[in-house]
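Peer 1: First the structure, then my questions, so here it is.
Residue numbers (full-length UniProt numbering): 1 to 290.
Spelled out as structure tokens, the structure:
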């Protein structure tokens, strides 16, 4: 199902994830930052950095646990402080517990404070079974995200939320499986109310990267294709000697001359083609240009 969106937290351990492989299959990821203000997700930094390195737009979410209006605003503040350096495309409030008498007012206080701090889009994930009881001010949110799984088989079964027709994102399974992670994943689909760009904003990749120069490069030896123009970036694939890379731009960065490949899924791959001093090649290229 395309576009495909996943949401993850510390339950998905980075050491068990192949981010480059996962990135080829998804269009967007939503990463948990905190469970209330006191509990910080163990792996949110790794998740965000790795997916952003692979060109996947990243949104963030906070599990809401405030016990009064002041506490809700405090949770908004800590959420913002922890997430802001990563410039997430969207902020989500995960409301699945009744933690105070006036949840409607409390969650609205959280939303308003977060909106003031970020100036970004703020949405609400609302537990389906609590939707009517919570009675949140849904019209003030920039997006509504609801879960319903049906038999929860790992695929979309056509079972949709029934508490309202006004929702933008549907979490349709908690048992999804994708190459690159040997465990369960939450999978989500758009409902057609809003397009993907509404949630992801402008692409993370700079279309003006480097110097525009379309061409082809035939490898003399095997070279790793990476998510970003640095040898520290995650490997997408290993191209073999004799393979031909079609590229659209080049740049002298991080000690090498890099070529950029536009991939079928709209992301970019980067290939080092020889050493550079930042302005010119310092050795013969590792292949032939044509």
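Just so it is clear, CB atoms sit at the ideal spot from N, CA and C, and this is done for glycine as well.
From residue 228 to residue 159, what does the alpha carbon distance come to, in whole angstroms?
Peer 2: As a first step, residue 228 must be located in the chain shown, where it is residue number 228. As a first step, residue 159 must be located in the chain shown, where it is residue number 159. So the alpha carbons of these two residues sit roughly 39 Å apart.
Peer 1: On the criterion of 16 or more Cβ atoms from any shown chain inside 10 Å, does residue 242 qualify as buried, or is it exposed?
Peer 2: Along the chain shown, read from residue 1 onward, the residue named residue 242 stands at position 242. So residue 242 ends up on the exposed side.
Peer 1: Tell me residue 49's beta-bridge partners as DSSP assigns them.
Peer 2: Stepping through the chain shown from its first residue, residue 49 is reached at position 49. According to DSSP, residue 49 bridges with nothing at all.
Peer 1: Taking the Cβ atom as the reference point for each residue, do residue 201 and residue 282 lie within a distance shorter than 7 Å?
Peer 2: Position 201 of the chain shown, counting from 1, holds the residue named residue 201. Position 282 of the chain shown, counting from 1, holds the residue named residue 282. No. Outside cutoff.
Peer 1: Who does residue 287 pair with in a DSSP beta bridge?
Peer 2: For this step, residue 287 is matched to residue 287 along the chain shown. Note: residue 287 sits in a beta bridge opposite 219.
Peer 1: What runs of the beta strand (DSSP E), each 3 residues or longer, lie entirely inside the stretch 109–140?
Peer 2: 122–126
Peer 1: In the structure shown, what three-state DSSP assignment does residue 14 receive?
Peer 2: Reading the chain shown from its first residue, position 14 is the one you call residue 14. Reduced to three states, the DSSP call for residue 14 is helix.
Peer 1: Looking only at DSSP bridge pairs, what is residue 224 linked to?
Peer 2: The residue labelled residue 224 in the question sits at position 224 within the chain shown. Residue pairing from DSSP places residue 224 in a beta bridge opposite 238.
Peer 1: Given residue 292, which residues of its chain have a CB within under 8 Å of its CB, disregarding the five upstream and five downstream residues?
Peer 2: Look at the range of the chain in this structure, 1 to 290, and you will see that residue 292 is not part of it.
Peer 1: Please name the residue in 80, 70, 84 whose C-alpha comes closest to that of residue 100.
Peer 2: What you label residue 100 is simply residue 100 of the chain shown in a count that begins at 1. Selected option, being the one with the closest Cα: 70.
Peer 1: Quick test of the definition: if touching needs 3 or more C-beta pairs under 8 Å, does the stretch 55–69 touch the stretch 214–226?
Peer 2: No contact exists between the stretch 55–69 and the stretch 214–226.
Peer 1: Rank 47, 110, 42, 50 by C-alpha distance to the C-alpha of residue 65 and give the top, closest one.
Peer 2: As a working mapping, residue 65 is identified with position 65 in the chain shown. Closest option to residue 65, Cα to Cα, is 110.
Peer 1: Would you identify the three-state DSSP class for residue 177, choosing helix, strand or coil?
Peer 2: Counting from 1 along the chain shown, the entry for residue 177 is found at position 177. Residue state, collapsed to three classes: strand.
Peer 1: Smallest Cα separation from residue 29: which of 188, 82, 122?
Peer 2: Indexing the chain shown from 1 puts residue 29 at position 29. Residue 188 is the option with its Cα nearest to residue 29.
Peer 1: Would you call residue 238 buried or exposed, if buried means 16 or more other Cβ atoms sit within 10 Å of its Cβ?
Peer 2: Here residue 238 corresponds to residue number 238 of the chain shown, with the count starting at 1. Flag for residue 238 reads exposed.
Peer 1: Does the Cβ-Cβ distance between residue 121 and residue 76 come in under 7 Å?
Peer 2: Along the chain shown, read from residue 1 onward, the residue named residue 121 stands at position 121. Along the chain shown, read from residue 1 onward, the residue named residue 76 stands at position 76. No. Outside cutoff.
Peer 1: If we count Cβ pairs, one from each stretch, closer than 8 Å, do we get three or more for the stretch 243–260 versus the stretch 270–279?
Peer 2: yes
Peer 1: Is the beta carbon of residue 19 less than 7 Å from the beta carbon of residue 50?
Peer 2: Start at 1 with the first residue of the chain shown, and residue 19 comes out as number 19. Start at 1 with the first residue of the chain shown, and residue 50 comes out as number 50. Contact: yes.
Peer 1: Would you report the Cα separation of residue 331 and residue 40, rounded to the nearest angstrom?
Peer 2: No answer is possible for residue 331: it lies beyond the span of the chain, which begins at 1 and ends at 290.
Peer 1: If residue 31 sits next to residue 5, beta carbons under 8 Å apart, how far is it from one beta carbon to the other, in whole angstroms?
Peer 2: What you label residue 31 is simply residue 31 of the chain shown in a count that begins at 1. What you label residue 5 is simply residue 5 of the chain shown in a count that begins at 1. Incorrect: roughly 12 Å between the Cβ atoms, too far for contact.
Peer 1: Residue 19 by DSSP, collapsed to three states: which one?
Peer 2: For this step, residue 19 is matched to residue 19 along the chain shown. Collapsing the DSSP output to three states places residue 19 in a helix.
Peer 1: Does the distance from the C-beta atom of residue 291 to that of residue 152 stay below 7 Å?
Peer 2: The structure shown does not extend to residue 291, since the chain is modelled only from 1 through 290, so no value can be given for it.
Peer 1: Going by beta-carbon coordinates alone, are residue 295 and residue 129 separated by less than 7 Å?
Peer 2: Residue numbering for the chain in the displayed model covers 1 to 290; residue 295 lies beyond these limits and cannot be assessed.
Peer 1: For residue 171, which residues in the same chain have their Cβ closer than 6 Å to its Cβ, ignoring the five residues on either side in sequence?
Peer 2: Position 171 of the chain shown, counted from the first residue, corresponds to residue 171. So the qualifying residues of the chain are 147, 186, 188.
Peer 1: What number of angstroms, rounded off, separates the C-alpha of residue 191 from the C-alpha of residue 175?
Peer 2: Reading the chain shown from its first residue, position 191 is the one you call residue 191. Reading the chain shown from its first residue, position 175 is the one you call residue 175. Their Cα atoms are separated by approximately 20 Å.
Peer 1: Can you tell me the Cβ-Cβ gap for residue 56 and residue 26, rounded? I've got them flagged as a contact below 8 Å.
Peer 2: Walking along the chain shown from the start, residue 56 turns up at place 56. Walking along the chain shown from the start, residue 26 turns up at place 26. Sure, about 6 Å apart at Cβ, within 8 Å.
Peer 1: Which one or two residues does DSSP pair with residue 147 in a beta bridge?
Peer 2: Here residue 147 refers to the residue found at position 147 when the chain shown is read from its first residue. For residue 147, which the question treats as bridged, DSSP gives the partners 171.
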